[in-house]
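**Q**
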Amino acid sequence: MNRWLFTAEVKTLPPLLRYLSVDELGVRAAALVERRPRDARLRQVGTSRAGLPLLLLSVGHGSRQALIVAGPHANEPVGGATALRLAERALADPRLCDGADVTWNLLLCLDPDGARRNEGWLSGPYTLGHYFRHFFRPGFLEQPEWLPDGAAAAALPETRALLALQDELRPFFQCSLHGVDVGGGFVELTRDLPGLAPRLAHIAGRLGIPLELGSYDTLYWPTLGPAVYRIPPPRRGDLAAAITEAAVESTWFHPHPYGTVTAVVEAPMWGVAAVGDASEPADTDGALRTVSRTLRRDTALLEALLARIRPSLGTAPDADRLLAPVDDYLLVCPGLADSWDPDTDADGGARPLPPLDTARLTALRISGRRIALRTAGLLRQLVTAAGQDPTGAAADLDRLIDEWCADYHDGHGARWIPVARQVDYHARVVVAAFDLARHQAPVQAPVPPAGASPLGTPPRRAEVPFE
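Numbering-wise (the numbering used here), the sequence shown opens with residue 819 and increments by one.
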């Protein structure tokens, strides 16, 4: 194992006590470029739907390109701070940058519009109730990493900017920086990086980060090692399948023909130890019945609250933006509950669950509660946006949010992980994956995808000794 991967962090970047806003990311990136103008560049590579710049910070002058994408989901702010940390590390250690013939390209925030909507909780207090009451994540069709109609038909300007950047750089390594609100850390790969699992375990153990041994996102995916999963090739599916399994066309796979390996690195905000418990449950079917029954009950409560709220929305600002994810969540809940219920599947057509240990059952319980809490938080924001609450829905939503957050805290033992430790974990895992990808034999790139802009022969992937 390369010991340098776990040495002390760069002294020029003090530990963060809170998340950074979109504006702060841009200011700090500009200050870094001003301090190191020969080695760092900042440029705009696109514009969001609301007119915010998509900023790319590039460090180094190597011929091989690494692309890091922060902020792909609006409610996952840790990636922006991680991108800045990685830039500092690359500038401080030539083994990461010019000495490895690599340029680091760090997209500071892919969804700045959505990130702005989460700024109500970014500075704390970091409690579950405060987070979910200010939570925002757009509807599935407004999430810029997804390509529901393929790359050629990408509708969002943020998506088109990322696709163009991938076609321009043809990176050998791409990393998408994600966050888990409640649970543990894990990594998803489009190609295997042998040796990543033990490095991940070492980093997580050193920093006290729980690892998810059965994330719901990866429920049906191949396991490459503890908390490391292989993303299946994209396939067309309905909206529910896309939301719950995510094995659809995406920007994760778009640069695949260039030989790119993509790593999706998930860092938790509130850790739950049981997501790493591989023991056999005492009563799997009983636990599944409870999870399914709970989700059905919560869904019914939320649907009734939505019916009470809708008539008072009128022309409330941004009501459509808030309703889109609410409708998505409520759409998938019945199917999820049926897929988890051992007593459902009258026609025998349901996809069977894989073997479930305590970790996977915990992930299912967390996922069901997560959907309910996100929906409740969005509904509460709808009431606030409407400026009126004739049915008293806000009080009922507050009660549900408090009750469900208490279940996370007391029932699952969810504990806050300080921002500095989230960033440290995130950055170390990215560097570990980068190191393995850098030394992996180059993959011969086939014909570029339709709609790509060929740029001639991809850069030579010279192997440079890392001593």
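The beta carbon of each residue, even a glycine, is placed where N, CA and C say it ideally should be.
Who are the Cβ neighbours of Arg934 in its own chain at under 7 Å, not counting the five residues just before and after it?
**A** Within the same chain, Arg934 has close Cβ partners Val840.
**Q** Under 7 Å between the Cβ atoms of Pro1086 and Gly1186?
**A** No. Outside cutoff.
**Q** Where does Arg1183 sit, in a helix, a strand or coil, going by DSSP?
**A** Arg1183: helix per DSSP, three-state reduction.
**Q** Quick one: measure Cβ to Cβ for Arg1298 and Leu874, integer angstroms, because I've assumed they're closer than 8 Å.
**A** Residue 1298 is absent from the model: the chain starts at 819 and stops at 1285.
**Q** Is the Cβ-Cβ distance between Pro895 and Leu940 less than 7 Å?
**A** Contact flag set, yes.
**Q** Which whole-angstrom value is the C-beta distance of Gln883 and Arg1009, which I expect to be below 8 Å?
**A** Actually they do not touch by this definition, with Cβ atoms about 17 Å apart.
**Q** Could you tell me the boundaries of the alpha helix (DSSP H) in which Glu1121 lies?
**A** Unbroken alpha helix (DSSP H) run through Glu1121: 1102-1127.
**Q** Whole angstroms is fine: what's the gap from Asp1146's alpha carbon to Gly957's?
**A** Cα to Cα, Asp1146 sits roughly 7 Å from Gly957.
**Q** Quick one: residues in its chain with C-beta nearer than 7 Å to the C-beta of Asp916, no 5 flanking neighbours on either side, listed in chain order?
**A** Closer than 7 Å at the Cβ level, and outside the excluded window around Asp916, lie Gly878, His879, Gly880.
**Q** Tell me whether Pro1052 is buried or exposed, calling it buried when 16 or more other Cβ atoms sit within 10 Å of its Cβ.
**A** Buried: at least 16 other Cβ atoms inside 10 Å.
**Q** Rounding to the nearest angstrom, what Cα-Cα distance links Ala1137 and Thr1036 in this structure?
**A** Distance between the alpha carbons of Ala1137 and Thr1036: 32 Å.
**Q** Given this structure, state the Cα-to-Cα distance separating Gly1094 from Ala1045, to the nearest angstrom.
**A** Gly1094 and Ala1045: Cα-Cα distance of roughly 9 Å.
**Q** Kindly list the residues whose CB is nearer than 6 Å to the CB of Asp999, restricted to its own chain and excluding five residues on each side of it in sequence; keep chain order.
**A** These residues qualify, in order along the chain: Met1087.
**Q** Nearest-angstrom Cα distance between Asp1159 and Pro1016?
**A** Looking at the two C-alpha atoms, the distance is approximately 34 Å.
**Q** Please tell me whether Leu909 and Arg854 are closer than 7 Å, where the distance is taken between their beta carbons.
**A** Yes; because the gap between Cβ atoms is below 7 Å, this pair is in contact.
**Q** From what residue to what residue does the alpha helix (DSSP H) around Asp1286 run?
**A** Given a span of 819 to 1285 for the chain in the structure shown, any question on residue 1286 remains unanswerable.
**Q** Hey, would you say Gly864 sits closer than 7 Å to Pro966, going by beta carbons?
**A** No; because the gap between Cβ atoms is not below 7 Å, this pair is not in contact.
**Q** Taking 8 Å as the limit between beta carbons, can you name the residues of its chain near Arg1192, skipping five residues before and five after?
**A** Contacts found: Phe950, Phe953, Arg955, Pro1143, Tyr1147.
**Q** Answer yes if the region 1202-1211 comes into contact with the region 1116-1130, meaning at least three C-beta pairs across the two stretches below 8 Å, and no otherwise.
**A** Yes, since at least three Cβ pairs between the region 1116-1130 and the region 1202-1211 fall closer than 8 Å, the two stretches touch.
**Q** Just mark Arg1183 as buried or exposed, buried being the case when its beta carbon has 16 or more other beta carbons within 10 Å.
**A** Arg1183 comes out buried.
**Q** Taking the alpha helix (DSSP H) that Phe950 falls in, what are its first and last residues?
**A** Looking at the DSSP string, the run of the alpha helix (DSSP H) that includes Phe950 is 946-951.
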